[in-house]
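Report on the following structure.
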Ligand SMILES: [Fe+2]
């Protein structure tokens with residue numbers, strides 16, 4: 018049963034918000050010669066992702082009632098959907114098309130893995146169903162693996178909490194005209210703030226905490242009604258991975274943060290969240306296996322210029338260190354004296370299979386820039402004075418220091434060219450040196466790390482974190498006071514990262530400014546402030 022606020026919100030969404038940008042976009046699509054008989058079936062827009070030299074995934078999801086309580090978008094049985102790919106924006110030259118069924122078992126989501134296209138060029142795509150036509154999206158094939166590439170622009174996002182504010186940062190990302198967008202986790206948040214935190218809410222979810230397939234589906238559906246997010250997805254293909262809030266705050270592998278919830282019970286919830294992620298995202302086919310695992314780590318090559326290793330830092334993790342303590346399974350800040358478990362070498366962050374996959378990939382990496390896209394800060398953060406009272410947060414890579422050392426050793430030994438880590442999670446901008454030995458800031462720098470801030474989610478205490486910085490020389494820059502994203506221009510000689518900040522998360526048309534700009538030169542790990 019939906020709560021009363023959910024019903025109210027659905028009505029407001031569909032009937033009341035006539036001035037909202039999403040509705041304006043809906044109107045525009047209808048004006049494009051589309052039959053307006055019945056409700057519009059493409060209110061969630063379109064998206065593309067996981068590009069390859071010969072194609073990409075195109076996505077849509079049919080819905081006439083996006084947050085219907087049963088999670089099925091107000092749809093009934095299977096619906097035939099036509100898809101078209103054109104070499105031009107006006108669809109005069111259609112180069113591929115086909116038909117596919119939108120099935121209720123997949124919440125009427127549609128994933129088409131398009132093949133047979135030409136490398137390194139833009140294409141336009143659209144869907145039609147039930148006599149209506151979707152908005153048009155623009156995708157782009159990657160260059161052939163051996164192609165010389167002069168430039169690549171990516172835009173990097175994480176942490177978009179609907180209740181925390183408007184997605185103007187997504188709109189500004191679309192305006193960057195990126196070749197590729199990266200989503201590094203917390204694309205949705207599973208919880209809703211209760212009445213006691215109502216003052217923090219800029220726009221309510223109007224939905225109960227997501228714990229079921231219907232609940233997770235509706236979280237994604239609500240996000241996709243946002244005009245700025247729709248515009249970003251329609252502008253460029255994306256590479257998306259998850260963090261914790263796609264399922265539950267601070268979960269770890271098969272372990273819930275909620276005390277008393279068994280792995281067997283938590284796996285049911287996790288499987289629902291994973292399925293909803295697949296249905297909502299333009300990713301290549303993956304499915305839950307008998308262990309209720311669903312692999313999403315993958316490599317995407319961009320000519321000779323770059324290769325992306327998209328990592329999953331949640332699904333295969335060992336249990337949080339010392340999580341049977343007073344704080345349940347939730348990440349906590351501990352000393353080694355209180356929590357020797359943190360240093361147990363049998364614990365893994367990526368899981369040993371994904372670790373091996375990554376090291377094999379780094380061993381044969383041939384691109385100029387090797388980019389690890391993942392969910393949590395890698396370079397580490399020591400709280401305290403650096404002595405025996407030094408404390409570490411167990412939910413991040415800091416909770417798995419031996420696993421991190423295996424990765425930094427792999428980087429030092431295998432020497433992929435120009436490793437750069439792009440990270441989410443911390444709702445703040447960071448520029449870091451990833452050190453060979455995370456316990457020794459004077460050890461060699463093996464990779465550069467940029468941490469994007471959040472699209473909307475509130476940042477940690479600036480003064481609190483800054484007080485820890487004197488003991489963290491590997492962190493060259495930190496700022497938690499701004500929301501926004503990273504815009505990164507990659508050329509053979511350098512990577513230039515702009516920290517893009519919006520003026521006010523409460524303003525749906527927030528202004529954009531560049532907080533600062535960093536450059537990494539080819540062959541020289543570590544970023545320099547421009
Ligand atoms: Fe987050």
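In our numbering, the protein residues as written are 18 to 547.
Even for Gly, the Cβ is constructed at its ideal location relative to N, Cα and C.
Selection from the options that minimises the alpha carbon distance to residue i
i	options	result
residue 221	229, 211 and 230	211
residue 537	529, 527, 507 and 519	507
residue 12	372, 84, 356 and 510	This structure leaves residue 12 out entirely; the chain is present only between 18 and 547.
residue 424	367, 412 and 435	367
residue 151	227, 214, 437 and 57	57
residue 172	521, 513 and 505	505
residue 386	417, 369 and 325	325
residue 382	433, 136 and 213	433
residue 217	547, 523 and 542	523
residue 501	479, 514, 388 and 470	470
residue 64	182, 157 and 115	157
residue 540	250, 76, 413 and 509	509
residue 100	147, 136, 69 and 68	147
residue 256	202, 355, 136 and 350	202
residue 170	145, 162 and 197	197
residue 166	322, 75, 310 and 117	322
residue 473	106, 164, 154 and 498	498
residue 80	267, 315, 490 and 92	92
residue 293	514, 69 and 90	90
residue 458	489, 250 and 477	489
residue 542	454, 249 and 462	462
residue 62	78, 73, 534 and 428	78
residue 404	414, 312 and 354	354
residue 76	69, 70 and 98	98
residue 422	476, 361 and 446	361
residue 455	477, 96, 364 and 419	419
Residues that residue i bridges to, as DSSP identifies them
i	result
residue 76	64 and 128
residue 439	390 and 467
residue 340	DSSP output for residue 340 lists no bridge partner at all.
residue 496	446
residue 101	114 and 143
residue 533	516
residue 506	170 and 513
residue 369	Partner(s): none; residue 369 has no beta bridge.
residue 350	410
residue 319	323
residue 451	464
residue 157	139
residue 119	96
residue 546	535
residue 150	145
Buried or exposed (CB count within 10 angstroms, at least 16 for buried), residue i
i	result
residue 495	buried
residue 531	exposed
residue 134	buried
residue 466	buried
residue 252	buried
residue 487	exposed
residue 304	exposed
residue 246	buried
residue 526	exposed
residue 375	buried
residue 402	exposed
residue 547	exposed
residue 94	exposed
residue 232	buried
residue 159	buried
residue 358	buried
residue 59	buried
residue 281	exposed
residue 377	exposed
residue 521	exposed
residue 129	buried
Q | Whole alpha helix (DSSP H) elements within the segment 243 to 287, 4-residue minimum | A | Counting only runs of 4 or more, we get 244 to 252.
task: Evaluate the contact criterion for the segment 262 to 276 versus the segment 198 to 208: three or more CB pairs, one atom per stretch, below 8 Å.
output: yes
Should the segment 297 to 309 be regarded as contacting the segment 121 to 140, the criterion being three or more beta carbon pairs within less than 8 Å? Touching, yes, given that three or more Cβ pairs across the two stretches are closer than 8 Å.
Within 8 Å, do at least three Cβ pairs link the segment 483 to 490 to the segment 439 to 446? no
ask   = If you scan the segment 159 to 184 from start to end, which runs of the beta strand (DSSP E) of 3 or more residues do you find wholly inside it?
value = 169 to 174
Below 8 Å, can you find three or more Cβ-Cβ pairs linking the segment 184 to 193 to the segment 220 to 234? Not touching, per the Cβ criterion.
Examine the Cβ distances between the segment 447 to 467 and the segment 391 to 400 and report whether three or more of them are shorter than 8 Å. yes
Check: Are at least three pairs of beta-carbons, each pair with one atom in the segment 82 to 93 and one in the segment 236 to 254, less than 8 Å apart?
Finding: yes
Quiz item: When the Cβ atoms of the segment 349 to 368 are set against those of the segment 402 to 410, are three or more pairs found closer than 8 Å?
Solution: yes
### Query
Which runs of the beta strand (DSSP E), 3 residues or longer, sit entirely within the segment 189 to 221?
197 to 200
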